[in-house]
Amino acid sequence: MTACARCVFLIGCLAVLCACGAENPPPTVAELTALAEARLAAGDAHSAALVYVQAVQQAPDDAELWRATAAAFEQAGDYETALAAVRSCVQTSAPRSTEAVRECQRAMCRV
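Residue numbering for the sequence shown is 11 to 121, as defined by our numbering.
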C-alpha cells in the first residue's frame, strides 16, 4: 500500500469514527448521576465514584456532585481521593450550593 493510499484509508477510518461519535453523544450529568446512584445501590461504591468523576468533569462548579463524589470514594475506602473531592467541593462552591458545601466541610472532618 502506498503512502497516499494509507492516508486515504486513515482519513476514511477517521471519518467513520467521527460519524460514530456523532451518533452516540456523551452521557449527560443527569444520566451519569443516575448511573452512579444505581452502582451505589448495587454496592459498587468505587465504580460509582468513577462515574461521579465523569459527572463533575462536565459540571465542575456543582458542589452537590463533588459531595456525592467524595461520599462514594469514602464509602469505597479511598479516603485520600475522598478528601481531594471534598477540597474541590469547597473550592468550587457557589452561593446556591451552600448546604452541599457545608456537608463537604463536615465530611472533611470525618475523612
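Beta carbons are placed, not taken as given, at the ideal position from N, Cα and C, and that holds for glycine.
It should be emphasised that the depicted structure is a prediction, and the values quoted were computed from it without experimental measurement.
Asked: Cβ neighbours of T91 in the same chain (closer than 6 Å, five flanking residues each side left out); Found: F83
Asked: Inter-residue spacing [alpha-carbon to alpha-carbon] between Y89 and A44; Found: 23 Å
Asked: Alpha-carbon to alpha-carbon, E33 and G53; Found: 32 Å
Asked: Neighbourhood of L50 by C-beta, 7 Å cutoff - its chain only, sequence neighbours within 5 removed; Found: A58 and A82
Asked: Unbroken alpha helix (DSSP H) run spanning T43, endpoints; Found: V39 to A51
Asked: Environment of T79 [buried if 16+ CB atoms lie within 10 Å]; Found: buried
Asked: Where E74 sits in the DSSP three-state scheme; Found: helix
Asked: Assumed close pair A40, V61 - CB separation to whole angstroms, cut-off 8 Å; Found: Not really, about 12 Å apart at Cβ, beyond 8 Å.
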